[in-house]
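Sequential numbering of the sequence shown, starting at 991, is according to the working numbering.
The beta carbon of each residue, even a glycine, is placed where N, CA and C say it ideally should be.
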Amino acid sequence: MNNPVSAFRIEKIQVVETLIVLGATMLIPFLVHLLPDIGGNLAGKVFLPIFLAPLVAVFFFRKHVALIAGLAAPLLNYLILGRPAPEMVLTMSVEVVLFVLLVSWLKDVRIVSFLAAPLAFIGASLVAALLMSVLGVITSLFVFWMGAIVVGIPGILVLAMFNFVLLKIKK
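Listed below in structure tokens is the structure:
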């Protein structure tokens, strides 16, 4: 039996899209973490894979699709795969959600749209480091944050390339 009202609601809230983005937000980091460590750092810290699917979602779907994926993926990854470390689940969720909010705003600001993803990552990682400092997970906010930025330079460049391509596609 076809129910047009239910179909409309499901389409409007983008349930299928949300599940696909959530799956990608979990799968991409899993695959990247299969790579060997790079300079003593986990490949995920270097390439920042958890941000890729939400970044794409911000450009193609309603904002909530990326927000749900960013909020849920770290917890689901921890429950299913045992990663990230328990103390990082909340911080990563906050970081990805802030990233999504910042990208969704910055991509529409003409002067910085081409740098929306890198700027959003830098801002979100600062807030995440601040949260970790307040929670007592880290002792030096600045050292931790700068370390994350320096280690994540390849990932920031990947985010910048995705950002550029997504802007071109959406024109």
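Notebook entry, point to check: Which partner residues of ASN1031 appear in the DSSP bridge assignment?
Noted result: Looking at the DSSP assignment, ASN1031 forms a beta bridge with ILE1028.
Item checked: Cβ shell of GLY1034 (< 6 Å), same chain only, five flanking positions each side left out -> Result list for GLY1034: PRO1019, VAL1022 and HIS1023, in chain order.
Item checked: Endpoints, the alpha helix (DSSP H) within which SER1115 is located -> In the DSSP annotation of this structure, the continuous segment of the alpha helix (DSSP H) that includes SER1115 starts and ends at 1106-1124.
Next item on the list: Find out if the Cβ-Cβ distance for the pair VAL1086, PRO1064 is shorter than 9 Å.
Entry: Yes, the Cβ-Cβ distance between VAL1086 and PRO1064 is below 9 Å.
Notebook entry, point to check: Three or more beta-carbon pairs under 8 Å between the region 1068-1075 and the region 1094-1112, yes or no?
Noted result: No, they do not touch.
Notebook entry, point to check: Do the region 1051-1062 and the region 1113-1131 touch if we need at least three Cβ pairs shorter than 8 Å?
Noted result: The region 1051-1062 is not in contact with the region 1113-1131.
Next item on the list: Assign LEU1156 to buried or exposed, taking buried as 16 or more other Cβ atoms, counted over all protein chains shown, within 10 Å of its Cβ.
Entry: A residue is called buried when at least 16 other Cβ atoms come within 10 angstroms of its Cβ; LEU1156 meets this threshold and is buried.
Next item on the list: Check the C-beta distance from PHE1049 over to LYS1160 and give it rounded, since I have them as a contact under 8 Å.
Entry: Yes, they are in contact, since the Cβ atoms of PHE1049 and LYS1160 sit about 6 Å apart, within 8 Å.
Margin query: Taking the alpha-carbon of ASN1031 as reference, which of ALA1150, GLY1142 and LYS1002 has the nearest alpha-carbon?
Written below: For ASN1031, the closest of ALA1150, GLY1142 and LYS1002 by C-alpha to C-alpha distance is GLY1142.
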